[in-house]
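Notes follow once the structure below has been shown.
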Amino acid sequence: MIIGMLFGVLFVMLFLGVPIAICLGIAVCVAIVASGNMNLLPAVAQRMFTQADNFTLMAVPFFILAGNIMEKGGISKRLIDFIEILMRRIPGRLSCITVVASAFFGAISGSNPATVAAIGGITVPRMKQKGYPDDIAAAVAASGGTLGVVIPPSIPMVTYAVTASVSVGTMFMAGVIPGLLLAVVLIATNIVICKKYDAAETGKVTLRAFAHSFKEAILAIFMPVIILGGIYGGLFTPTESAAVACVYAFIISVFVYKELKMKDIYEIFRKSTVSSAVVLFVVSMSAPFAWFMTNQNIPTFIASSVLGLFTNKVALLLMINVILLFLGCFLETQSIILLVTPILLPIATSLGLSPIALGIIIIINTSIGMITPPMAVNLFVASGIANTSIGKISKRIIPYLCVEIATLLVMTFIPAIITWLPGVMGV
């Protein structure tokens, strides 16, 4: 009854067009009232506050701010100009650049929303200038952001390694090939979808044009080097790197390129604040929803009930992915890992699936969940950047969702794709 009430209210309100954050909050409150345990109501506000009071989550507004500074200050323009010269013969090159940059940035933030905010903040405005529709530009950025937690290092990989008692280093190594494979698949999808908005060029680039573009972009290119070097050198965390990115972008925009004026500061902060508030409100409201599901043992009930119906290996592997994709629509990555790992690990082991392969499958599933409504955090970030509705992006994200799920299934049934590199490296 409680499960039906929770999801019934949620989907009815979504169908009526109520904003997702409000839907989540009201669904939880109605379900609590229906359960008869009114003492749980204060926990809704408490969970919202606890979720917002999160150091890692601070990376999102900082990277949104950094992206806006880079766009207004001319950094993103010079960077994209240079990369466009390198990829000018590829159809839909701006969309492909977004994926490549997202894969690279995944090694910086380890966060899907932060990757969408940082890369989308740069490339979405440029795509819109090129003639990409708002919703397609947003879908490109949101799908590219799914690489954030798959490309190592990744916080969810650490969480899984601790939960499943496996090596963190092995998990990092296992994520390399799946992450690159997903990037290649997304690039191919973008070439098919976006070539009509951004056709390949056939003319040759002179050495002088290349050198000029490189000279203009060198400081922009150096930015990720500073961030990566600082993180891997132990100077600062990924969240702190977002603040460093803001300071670096501000200095370069004001004192070197001299395109950012003091009169632009207010608009940059206003725009960044609005985008950040939308994202953080949704993320905060998702916390009591996830907590109530856990409190009522709903994920455990779903997993145990469905998996108990199947004995065939192929059917079980398919159902594991279905359950994870379903949970990814409503819960955040860390919660899913902590909830399902103890349940799925013995089942996977009995099927001959290694704990390392299971971990990557879980993480990719939850990452895909971030572009799957209603709890599609990547879509919320991208919608704020592109200034378009979640409904429009949800339609455009379907092709990317399909190819990522197809790639996931290939890795599920051919787990050697995941385990080959760790085996070769001996970790």
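First residue of the sequence shown? That's 1 in full-length UniProt numbering, and the numbers climb one at a time after it. Built from N, CA and C at the ideal position, the CB exists for glycine as well.
- Nearest Cα to Ile398 within the set Leu353, Gly233, Leu186, Phe255: Leu186.
- Per DSSP, Pro42 is one residue of the alpha helix (DSSP H) stretching across 41–52.
- Within its own chain, the residues whose Cβ lies closer than 6 Å to the Cβ of Ala161, once the five positions on either side in sequence are excluded, are Val168, Met171, listed in chain order.
- Using a Cβ distance threshold of 8 Å, Gly92 and Ile119 do not count as a contacting pair.
- By the criterion of at least three beta-carbon pairs nearer than 8 Å, the segment 217–227 is not in contact with the segment 38–54.
- About 33 Å separates the CB atoms of Pro125 and Ile360; that is not less than 8 Å, and the two are not in contact.
- Within the same chain, Cβ atoms closer than 6 Å to the Cβ of Met127 are found at Leu94, Ala137, the five residues on either side in sequence being excluded.
- Of the candidates Ser389, Ser275, Val314, the residue whose Cα lies closest to the Cα of Pro19 is Ser389.
- Taking 8 Å as the cut-off, the beta carbon of Gln46 is found no closer than this to the beta carbon of Thr159.
- Annotation: Pro91 is outside any alpha helix (DSSP H) and is labelled neither H nor E by DSSP.
- Annotated three-state conformation of Val205 is coil, per DSSP.
- With fewer than 16 other Cβ atoms from the protein chains shown falling within 10 Å of its own Cβ, Leu16 counts as exposed.
- Around the beta carbon of Ala209, fewer than 16 other beta carbons sit within 10 angstroms, so the residue counts as exposed.
- With at least 16 other beta carbons inside 10 angstroms of its own, Tyr132 counts as buried.
- Burial state of Ser367 is buried, judged by a 10 Å Cβ sphere holding 16 or more other Cβ atoms.
- Cβ atoms of Phe236 and Val247 stay farther apart than 8 Å, at about 11 Å.
- In terms of Cβ geometry, Ile64 and Gly121 form a close pair [threshold 8 Å].
- Non-local C-beta neighbours of Ala66 in its own chain, meaning closer than 6 Å and more than five positions away in sequence, comprise Ala245, Cys246, Ala249, ordered along the chain.
- DSSP places Pro288 within a helical segment (H, G or I) once states are collapsed to three.
- Restricting attention to Asp264, Gln51, Asn37, the CA atom closest to the CA of Gly74 is found in Asp264.
- Rounded to whole angstroms, the separation of the alpha carbons of Ala142 and Trp291 is 26 Å.
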